[in-house]
Ligand code: 6PG
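Residue numbers (UniProt numbering): 6 to 480.
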């Protein structure tokens, strides 16, 4: 065969990636379960590069140079398993299967082990950037065996986004690490969007600003510290006028947010790893609450009490929201990176957090100028205990903290829900606290369950005879 790579699964993401390879000068074999999609791709985009259309898996694999490289772009779950098994049955030792979908990382760990047993390389690769990114340069997070990256790296790097000449693609680590970090990327994406939503809600509800003006505020923010893809497109969405009614489109969209799973997976994994990824958790729960439409319908009659009026100085309060958004965002990223470090330790993946900051600077949904600062922070100290302790972020958050408190308290007083802003501030306060009430929790656990506690002044585990003479025993 002569094709450098094959793509199977030609829905929008798959066909855009195939076109991206072809446009970069690679010969691409393309295959889809139903032939019609393959033909449509060739009819419409065949002139863009060197495609080899294949009707069957056998034809598809014959078209490829060895070791064969096949990128699978089908729906995560059972469909992915079916395609992988069919490919594996027809492939030879040393061939490489790449799963570019949003697969659950534990599935990827299982598949990698099964393929390794058959002498094949299996690479779970997170791909971010949506349809546009797939076509013009996504951020790519491949896991799998390091050896496979020798054959795969140059190809993937050639189609990825680039920032300052560096590709937004790197070998993340072995087995499921690529999909694990893509999952956390999506979790951060959820948190980012929730924080943006809370900032928007404060301007709309507490300040009573017209939607178009709020869009303008986001447009301005996008040329400051908050410069990012999500803030940029927030301005776009808020600026959109409904063609049917002439009102801002956002007012015509049902306020129930959906989710396909990656945010929820991030939180489940955070619970298992014992990492307090509170910002992402609040974002996932906020989507769930928004979708509890029956309950919300009934609960509209609940009274909110003596909520106060909006702040007087609008411009000043907008500036405070900007700072609160920035500080909360630092917390969300700090937590996400903590989870990556914890996952890496749990699975022995040896992930370099700074590498992720580097490849997330372009191509992906959470791309932001901010990531440059995170990259620098990890370059300075690869073992950074928390992003909040990096000198740059520490200074930025300490500068913002007064505004952050004012925004959260104003939100509380005016009755605007800000779960992500407020939980991020609580996280910050808890993390820096001299003493936490966890001491009392330990006392209570010892009281009712003899769970024991440790003392601040002595080594060992202790139990107080709560039901007896209340003397203390070393256990
Ligand atoms: C990306 C996106 C992409 C997709 C998510 C959205 O990085 O390109 O994250 O993967 O948009 O699956 O997930 P929800 O449907 O759960 O919001």
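Backbone N, C-alpha and C define an ideal beta-carbon position, used for all residues, glycine too.
The structure presented is a predicted model; accordingly, all values stated were derived computationally and were not measured.
For residue 103 against residue 128, the beta-carbon gap comes to about 5 Å, under 8 Å, which counts as contact. At least one heavy atom of ligand 1 falls within 7 Å of the beta-carbon of residue 265. In this structure, the CA atom of residue 466 is about 16 Å from the CA atom of residue 453. Nearest in C-alpha terms to residue 133, of all of 64, 201, 74 and 161, is 161. Secondary structure note for residue 476: it is in no beta strand (DSSP E), with a DSSP letter that is neither H nor E. In this structure, residue 77 places its C-beta atom within 8 Å of the C-beta atom of residue 85. Residue 171 is bridged by DSSP to 168.
Taking the Cα positions, residue 180 is about 6 Å away from residue 148. Within 10 angstroms of the beta-carbon of residue 449 lie fewer than 16 other beta-carbons, which makes it exposed. Relative to ligand 1, residue 182 has its C-beta separated by 7 Å or more from all heavy atoms. The DSSP assignment places 40 to 50 and 62 to 67 as complete runs of the alpha helix (DSSP H) inside the region 33 to 87, in order along the chain (cut-off: 4 residues). The beta-bridge partner set that DSSP reports for residue 128 consists of 103. In this structure, residue 194 and residue 356 do not form a Cβ contact; the two beta carbons are roughly 19 Å apart against a cut-off of 8 Å. Here residue 374 carries a coil assignment [DSSP, helix/strand/coil]. In its chain, beyond the 5 residues on either side, 357, 358 and 359 have a beta carbon closer than 8 Å to the beta carbon of residue 387.
Of the candidates 199, 440 and 366, the residue whose Cα lies closest to the Cα of residue 285 is 199. Shortest gap from the CB of residue 174 to any heavy atom of ligand 1: 7 Å or more. Exclusion of the five residues before and after residue 300 leaves no residue of its chain whose Cβ lies closer than 7 Å to its Cβ.
For the pair of segments examined, the region 258 to 265 was found not to touch the region 171 to 189: the number of CB pairs separated by less than 8 Å stays below three. Partner residues in the beta bridge of residue 10, as assigned by DSSP, are 33. Between residue 183 and residue 131 the beta-carbon gap is near 5 Å, inside 8 Å, which marks them as a contact. Here residue 167 is near residue 142, since their CB atoms are less than 8 Å apart. The alpha carbon of residue 292 has as its nearest neighbour, out of 462, 196, 185 and 395, the alpha carbon of 196.
Inter-segment contact for the region 380 to 397 and the region 214 to 232 is absent: fewer than three beta-carbon pairs are separated by less than 8 Å.
The Cβ-Cβ distance between residue 54 and residue 27 falls below 8 Å.
Taking every protein chain shown into account, the CB of residue 476 has fewer than 16 other CB atoms within 10 angstroms, so this residue is exposed. Excluding the 5 residues flanking it on each side, residue 378 has same chain C-beta neighbours closer than 6 Å at 397, in chain order.
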